[in-house]
Amino acid sequence: MFEARLSSTLTLKKIVDALRDILNQSTLDCSDTGIQLQAMDNSHVSLVCLCLRSDYFEKYKCSRNVSLGLDLKSLTKVLKCANGDDAVTIKAADKADKIELSFESAGKERTADYELRLLNLDQEHLAIPETEYSCVIHMPASEFARICRDLAVFSESVVIACSKNCIKFSANGEMGSANIKLSQTSKAEVTLQVDEPVTLSFAGRYLNTFTRATPLSEKVKIGMAADVPLLVEYPIEDYGYIRYYLAPKVDD
Amino acid sequence: QSKQTSIASFFTKV
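Each protein sequence line maps, in turn, to chains A and B.
For what it's worth, this note's numbering labels the leading residue of the first sequence as 847, then goes sequentially.
For what it's worth, this note's numbering labels the leading residue of the second sequence as 3, then goes sequentially.
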């Protein structure tokens, strides 16, 4: 039996919004420690990992590990039926073929129950090694979203170059070029920890998709090292995170 | 010209 309650449906909506442009369907792995999701996009260019610890939830019960295969479009449709400030309870029986979502209004005068059919999805798990990133950048999530959006106008590829003094985002296309540099700020809105300078090239379309997680977090962490995927991490308060990994582009 | 690599090539299957 699995049961998890959140006091606000809005956070669940934000989490699903951060996933649904990259994944159509995915499996939530629920255990007594919390909820995890790991999946590659259809093109196998990026990987997304969601981790929510059990103490993120107002109530959390998971007597046996369950895997819930979900169609994220359908889940979005159900979440649209709820107000952001409704409390939401997700329930699934052992070996269930559906989950139940119950929404309760803030004043408790309205409850609405929905059932969503589960999918049997082939699951492929990848082991993600602990990586020592040569460059770790923290910046406001809204700033990162703005940069990704602005650069997408110029080129499919975005070059990220991180050095001791600054991080530079560049795009170069037929229309022209764009270069955006950020230095570490005294207010620590932007911080750079650089052991070795790194320059890598990435598909801007994916970076833009990752920024769908912006409403979840004030800050974003970016990790870069030579010849490894880019890490873009959005913390979910102190209880978990969404991490996106993006394979670099290499010279042909 | 740059070529997109696959994320699966960086991580091992479990």
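By construction, the Cβ of each residue, glycine as well, lies at the ideal position given by its N, Cα and C atoms.
Check                                                                                                                       : Outcome
Buried or exposed (CB count within 10 angstroms, at least 16 for buried), Glu1020 of chain A                                : exposed
Local Cβ density within 10 Å of Glu1079 of chain A, reported as buried at 16 or more and exposed below that                 : buried
Three-way DSSP call (helix, strand, coil) for Phe1000 of chain A in this model                                              : coil
Opening and closing residue of the alpha helix (DSSP H) in which Tyr1052 of chain A lies                                    : Gly1050 to Phe1056
Residues within the region 966 to 985 of chain A neighbouring chain B, beta-carbon criterion of under 7 Å                   : Glu970, His971, Leu972, Ala973 and Ile974
Reference Met886 of chain A, options A:Lys1067, A:Tyr1090 and A:Thr1057, closest by Cα                                      : A:Tyr1090
Cross-strand partners of Met985 of chain A (DSSP beta bridge)                                                               : A:Val1066
Listed by chain order, chain B residues near Met886 of chain A by CB distance under 8 Å                                     : Ile9 and Ala10
Span separating the alpha-carbon of Gln1030 of chain A from that of Glu955 of chain A                                       : 50 Å
For Asp863 of chain A, three-class secondary structure by DSSP                                                              : helix
Partners in chain B for Pro1094 of chain A, counting only beta-carbon separations shorter than 8 Å                          : Thr7
CB contact flag (Asp1098 of chain A, Lys5 of chain B, <7 Å)                                                                 : yes
Interface partners of Asp1098 of chain A on chain B, CB under 8 Å                                                           : Gln3, Ser4 and Lys5
Beta-carbon spacing of Ala987 of chain A, Ser1063 of chain A below 7 Å                                                      : yes
Short-range partners of chain B found in the region 1076 to 1091 of chain A, where Cβ spacing is below 9 Å                  : Tyr1091
At least three beta-carbon pairs within less than 8 Å, the region 929 to 944 of chain A to the region 851 to 860 of chain A : yes
Of the listed residues A:Ala850, A:Thr1057, A:Glu989 and A:Asp863, nearest to Leu947 of chain A (C-alpha basis)             : A:Ala850
Selection from A:Ser1009, A:Leu1077 and A:Asp959 that minimises the alpha carbon distance to Thr1045 of chain A             : A:Ser1009
Sequence ranges, beta strand (DSSP E) only - wholly within the region 942 to 969 of chain A, length at least 3              : 944 to 950 and 957 to 963
7 Å Cβ cutoff met for Val1096 of chain A and Gly1050 of chain A                                                             : no
Cβ neighbours of Cys897 of chain A in the same chain (closer than 6 Å, five flanking residues each side left out)           : Gln882, Gly1086 and Tyr1087
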